[in-house]
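J.:
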Amino acid sequence: MSIDGITRASRAHPGFVAALVHRLSGLALALFLPMHFLVLGLALEADSFTSVIAWTNQPLVKISEALMVGALAVHFAGGVRLLAVEFFGLTRAQSVWIACAFAFGLGVGVLFLMRAF
Amino acid sequence: MTPISYFLQRGTAMLMVPLIITHLALIIMAVQGGLSAEEILARTRGSMLWAGFYGVFVFAASIHAGIGMQTILREWTPLGRLASANIGHMLITVLWILGARAIYAVVWA
């Protein structure tokens, strides 16, 4: 198999997709963090903070926020998977199931909280 | 990735597991009925618990983001090891400063 063929074959592997999703979600989070901190820093000026938080209630901003929350959850599950492979000697298949179980448990817990408050 | 970077990246990841679970749960709870500045500040103002929580979170997330960025720059751009490391370190410093300012703003201001 040529080098190019090997590269293509490895790119079809679920591990490659998992690593790519982990990297892209991490990059998005790293670029989002400075803006997140700057907005919270506006609490130093009460009026600016009130108006910027009111601005976040627009549908498009809410959708962008949902994407960031999704990126955090995906990066979290991918990270748990990586830690399981590296530190608990699990196979990659086992680690995927652990990450899925973790994401499921987190989802159920969050749904409960939504109803509880 | 150097051994120190690797240790820091995995260490901050482990440290953030309970922090992210808490953060995600709080986001979902707080966003119900829309966010308001008063609601956010009512929770955080004068709370040493939240100051400590976000202090650890900012400290760890900044290191994690800086090392991650360094790795991405090294692998996906023509930048060399030193330039990538410098940008990563700058990101950590900027995030520490902005994060500390954000915590000060929502807890003490």
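Quick mapping for you: the protein sequence lines, in order, are chains A and B.
Heads up, the first sequence is in our numbering, so the first residue is 1 and it goes up one at a time.
Heads up, the second sequence is in our numbering, so the first residue is 1 and it goes up one at a time.
All C-beta atoms in this analysis are idealised placements derived from N, C-alpha and C, irrespective of residue type, glycine included.
1) Under 9 Å, Cβ to Cβ, is there at least one residue of chain B near A/His36?
2) For the alpha helix (DSSP H) containing B/Arg45, name the first residue and the last one.
3) Buried or exposed for A/Ile53, please, with buried defined as at least 16 other CB atoms from any protein chain shown within 10 angstroms of its CB.
4) Does the CB of A/Gly15 have a neighbour CB from chain B at under 9 Å?
5) Could you tell me how far apart the beta carbons of B/Ile20 and A/Phe37 are, in whole angstroms, since I believe they sit closer than 8 Å?
6) Who are the Cβ neighbours of B/Ser5 in its own chain at under 6 Å, not counting the five residues just before and after it?
7) Classify A/Ala66 as helix, strand or coil using the three-state DSSP reduction.
8) How far does the alpha helix (DSSP H) with B/Asn86 in it extend, from its first residue to its last?
9) Excluding five sequence neighbours on each side, which residues of the same chain lie with their C-beta closer than 6 Å to the C-beta of A/Ser25?
10) Taking only the alpha-carbon atoms, compute the straight-line gap between A/Gly79 and B/Ala13 and give it to the nearest angstrom.
11) What residues of chain B sit near A/Ala43, judged by a beta carbon separation below 7 Å?
12) Where B/Arg43 and A/Val39 are concerned, what is the direct C-alpha to C-alpha distance, given to the nearest angstrom?
13) With 9 Å set as the bound, which would you pick, yes or no: does the beta-carbon of A/Leu106 sit closer than that to a beta-carbon of chain B?
14) What are the residues of the segment 15–32 of chain A that lie near chain B, defined by any Cβ-Cβ distance shorter than 8 Å?
15) Taking C-beta pairs closer than 7 Å, name the residues in chain B that A/Gly79 reaches, listed in chain order.
16) What do you get for B/Gly52, buried or exposed, if any count of 16 or more other CB atoms within 10 angstroms of its CB means buried?
17) So for A/Leu90, helix, strand or coil by DSSP?
18) Just how far apart, CA to CA, sit B/Leu49 and A/Val96?
19) Does any C-beta atom of chain B lie closer than 9 Å to the C-beta of A/Leu83?
20) Under 9 Å between C-beta atoms, does A/Cys100 make it to chain B?
21) Select from the segment 61–79 of chain A all residues with a C-beta closer than 7 Å to any C-beta belonging to chain B, and list them in chain order.
22) Where does B/Gly34 fall in DSSP's three states?
T.: Per the coordinate set shown:
1) Yes, because at least one Cβ of chain B sits closer than 9 Å to the Cβ of A/His36.
2) Secondary structure note for B/Arg45: it is in no alpha helix (DSSP H), with a DSSP letter that is neither H nor E.
3) buried
4) no
5) 17 Å between Cβ atoms; not a contact.
6) Answer for B/Ser5: Ile67, listed in chain order.
7) Residue state, collapsed to three classes: helix.
8) Arg81 to Val107
9) Ala71, Val74 and His75
10) 7 Å
11) Leu41, Ala105, Val106 and Ala109
12) 17 Å
13) Residue contact with chain B for A/Leu106: present (Cβ-Cβ distance below 9 Å to some residue of chain B).
14) Arg23, Gly26, Leu27, Leu29 and Ala30
15) Ala13
16) exposed
17) coil
18) 34 Å
19) So yes, A/Leu83 belongs to the interface.
20) no
21) Val69, Leu72, Ala73, Phe76 and Gly79
22) coil
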